[in-house]
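Trainee:
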Amino acid sequence: MVEKTGGHAGRRPVLLLLHGMGATGDVWLPWAPYLEQHWPGRWLAPDLAGHGWASPLPAYSFAGFAQQIAQALAPDDRLVVLGHSLGGVVGLALAARDAGTPVDAVVGLGIKALWSPAELTRAAEVAARPVSWFASRTEAARRYLRVSGLAGLVSPDHPVVDAGLRQADGRWRLAMDPTAFAVGEPDLAALLAATDVPVVLARGENDPMVTDEQLKEYGVPVTTLPGLGHNAHVEDPAAVLALLDPYR
3 MVEKTGGHAG
13 RRPVLLLLHG
23 MGATGDVWLP
33 WAPYLEQHWP
43 GRWLAPDLAG
53 HGWASPLPAY
63 SFAGFAQQIA
73 QALAPDDRLV
83 VLGHSLGGVV
93 GLALAARDAG
103 TPVDAVVGLG
113 IKALWSPAEL
123 TRAAEVAARP
133 VSWFASRTEA
143 ARRYLRVSGL
153 AGLVSPDHPV
163 VDAGLRQADG
173 RWRLAMDPTA
183 FAVGEPDLAA
193 LLAATDVPVV
203 LARGENDPMV
213 TDEQLKEYGV
223 PVTTLPGLGH
233 NAHVEDPAAV
243 LALLDPYR
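Using the working numbering, you'd call the opening residue of the sequence shown number 3 and step up by one each time.
#1: Return the chain-ordered list of same chain residues with a C-beta closer than 6 Å to the C-beta of L20, the five sequence neighbours on each side being excluded.
#2: Expressed to the nearest angstrom, what Euclidean distance is found between the alpha-carbon atoms of R250 and Q39?
#3: Unbroken beta strand (DSSP E) runs of length 3 or more, entirely within the stretch 139-215: which are they?
#4: If distances are taken between C-alpha atoms only, which option among G231, L81 and A25 comes closest to V16?
#5: Could you check the C-alpha separation between L176 and S87 for me, to the nearest Å?
#6: Would you please state the rounded distance, in angstroms, between the beta carbons of V242 and H235? I believe it to be under 8 Å.
#7: Would you mind reading off the limits of the beta strand (DSSP E) that contains L18?
#8: Considering A107, what are the terminal residues of the beta strand (DSSP E) in which it resides?
#9: So, does the stretch 25-41 touch the stretch 122-132, judging by three or more C-beta pairs under 8 Å?
#10: Just the C-alpha distance for R148 and G154, rounded to the nearest angstrom, thanks.
#11: What are the start and end residues of the alpha helix (DSSP H) that includes L92?
#12: Just the Cα atoms here: how many angstroms apart are V224 and R173?
#13: Opposite F136 in the DSSP bridges: which residues?
#14: Here's a check: name, in chain order, each residue in its chain whose Cβ is nearer than 8 Å to the Cβ of L193, leaving out the five neighbours to either side.
#15: Span of the alpha helix (DSSP H) holding T123?
#16: Taking the alpha-carbon of D198 as reference, which of T103, D247, A244 and A182 has the nearest alpha-carbon?
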């Protein structure tokens, strides 16, 4: 598992940043200057299983994603987790009381709470497709940005894109294992019932994937970030980082 680390070792909680479906841990690299100023300890931004440089899983589950992350953590790490979309669900799985991972708090950003049968069928179809190859990095980068939801927010030639691509024999493909799309629908009610740590569910005001009303059904604090969309952490790092103020 590739990790990006910053800050200084100490007794303070480690900030664990978990990316969404299709992205990589590099999506958090623009956060580095903000974290150096505002996060008082270490931070990690690993690739989830089947993304970037992380090994794929034989079959994908939220618990499986969480277990692969937990195996690479230091034994004495205490964690505050900020997870985007899929990463938010993985953060909740890490925080389960029977998972044995020392999580102090979870902030889940942009977690899709409700899935229609058509959406689940579409995800399964995407997961079953073979890997697509492209003649140029530009073509592959554009596909990566669409798959990760970063189109329009990150340019195809941005260094953040590099971890999401692979080159072989003059052709390019996405680094992601497409079968990860088959992970299915999270049972948020069960995940929240299985943890005893503080949880905040957050969303951008303009996020089309989840509503305030849907999140408020779960009985935990909900925060709406004005003017932001699904990838609020890319659009306004400072606004999202402020969600962590109570846990520094």
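Where a beta carbon is used, it is the ideal one built from N, C-alpha and C, also for glycine. Just so it is clear, the structure is predicted and the values come from calculations on it, not from any experiment.
Mentor: Reading it off the structure:
#1: G85, G89, V92 and G93
#2: Whole-angstrom Cα-Cα distance: 12 Å.
#3: Runs of the beta strand (DSSP E) inside the stretch 139-215: 167-170, 173-176 and 201-206.
#4: L81
#5: Answer to the nearest angstrom: the Cα atoms are 20 Å apart.
#6: 5 Å
#7: V16 to L20
#8: Per DSSP, A107 belongs to the beta strand (DSSP E) from V105 to L111.
#9: no
#10: 9 Å
#11: First, the amino acid is wrong: residue 92 is Val here, not Leu. V92 -> alpha helix (DSSP H) spans L88 to L96.
#12: 44 Å
#13: Answer is W174, bridged to F136.
#14: F64, V91, L94, A95 and A98
#15: For T123, the enclosing alpha helix (DSSP H) begins and ends at P119 to A130.
#16: It is T103.
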